[in-house]
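Per our numbering, the very first residue in the sequence shown carries number 10; after that it's consecutive. Remarks on the structure that follows.
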Amino acid sequence: MDTWLSYSLQDLLLFSPQVYFGLFAKANLAYWPWQLLLAPLALALWLLLRRSGRWPEVAVDLLLALAWTTSAYGFIGRFYLPIYPAAEWFRLAFIVEALLLMLALLQAARSDRPEESLAGRHRCPGLLLYLLAILLYPLIAPLLGRPWQGVELIGLAPDVTALATVGALLSWHLAGRWWLLLIPLLWLCVSALTCVALEYPPGVLPLALASVALIARGLVVRRG
């Protein structure tokens, strides 16, 4: 028992901060210039999130499923897995989330429920979180000294993909869809613990932002 208690988070990692954060630069270099297509993806999601109705919801689910799939194979499978074998579980989780989003897409497409609009104040926490995920968070690392080549983009970097997904889901009715939040939030917890082990405090920001947005959405809904 004393031996187990002597372990720390750092002992569970097989890489240094330089190696881990260097993966994002390697990924961006490997996919250049194809990751430029991620910007239109992020913009399309934003435009769809501002609309109401069944078919915008279907389109959002489809684009998010695509983002989780490309992150699973394009980053976790190709770059993270070779330095951390346990990342296979992360890749599987991302694939499961993509499949769940596709299931939600099919349910939304076949649903005959009335297309009710969500009040603007209810959508605000989610929309704001989405904007922070795609615009602000990717800039934090370069501003703190990490190379610009390692900027984290939705559809490739897991943190941004998960954070943007939480924001997108909070922008819609959560009735019957709350389970789509579980894997993104779980990933943000895992990522925060990884960054704590790497002694990189800004890495807990995605989890903090998601938590604030969840609380804000709950408070707004409670007040009606």
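Glycine included, every Cβ here is placed at the ideal spot set by N, Cα and C.
Check, Outcome
"Test item: CB-CB of F103 and W77 under 8 angstroms", "yes"
"Validate contact between the stretch 174 to 191 and the stretch 216 to 232 using beta carbons, cut 8 angstroms, 3 pairs", "yes"
"Separation of S61 from R87, as counted between CA atoms", "36 angstroms"
"Delimiting residues of the alpha helix (DSSP H) encompassing I143", "That residue, I143, is in no alpha helix (DSSP H); it is neither H nor E in DSSP."
"Other residues of its chain near Y139: CB distance less than 6 angstroms, five sequence neighbours each side excluded", "A173, G176, A177"
"Element boundaries [alpha helix (DSSP H), containing E97]", "96 to 119"
"Endpoints, alpha helix (DSSP H) assigned at Q27", "26 to 40"
"Through-space distance from E66 to L54, alpha-carbon basis", "10 angstroms"
"Classification of G164 by the beta-carbon crowding that lies within 10 angstroms, buried from 16 upward", "buried"
"Contact check, P26 vs Y146, beta carbons under 8 angstroms", "no"
"Assigned exposure category for V160 - 16 Cβ within 10 Å defines buried", "buried"
"8 angstroms Cβ shell around V230 - same chain, five flanking residues per side excluded", "H131"
"Outcome for S17 when other beta-carbon atoms lying within 10 angstroms are tallied against a minimum of 16", "Any reading at S17 needs caution, since the residue's pLDDT is 49, under 50, leaving its predicted position unreliable; the model's value is listed next. Under this definition S17 is an exposed residue."
"Three-state class that DSSP yields for R231 in the structure shown", "helix"
"Close Cβ partners of S180 (< 6 angstroms) along its chain, the five nearest in sequence each way excluded", "L58, R132, G135, L136"
"8 angstroms Cβ cutoff met for R63 and A117", "yes"
"C-alpha gap between A36 and F84, whole angstroms", "7 angstroms"
"Length of the line joining the Cα atoms of T203 and W196", "10 angstroms"
"Endpoints, the alpha helix (DSSP H) within which V69 is located", "63 to 80"
"I92, DSSP secondary structure in three states", "coil"
"Spatial neighbours of V28 in its chain, beta-carbon cut-off 8 angstroms, leaving aside the 5 residues before and after", "I92"
"C-alpha distance - T79 paired with L46, whole-angstrom precision", "12 angstroms"
"Sequence-distant residues of its chain with Cβ nearer than 6 angstroms to L114 (five each side left out)", "V67, D70, L71"
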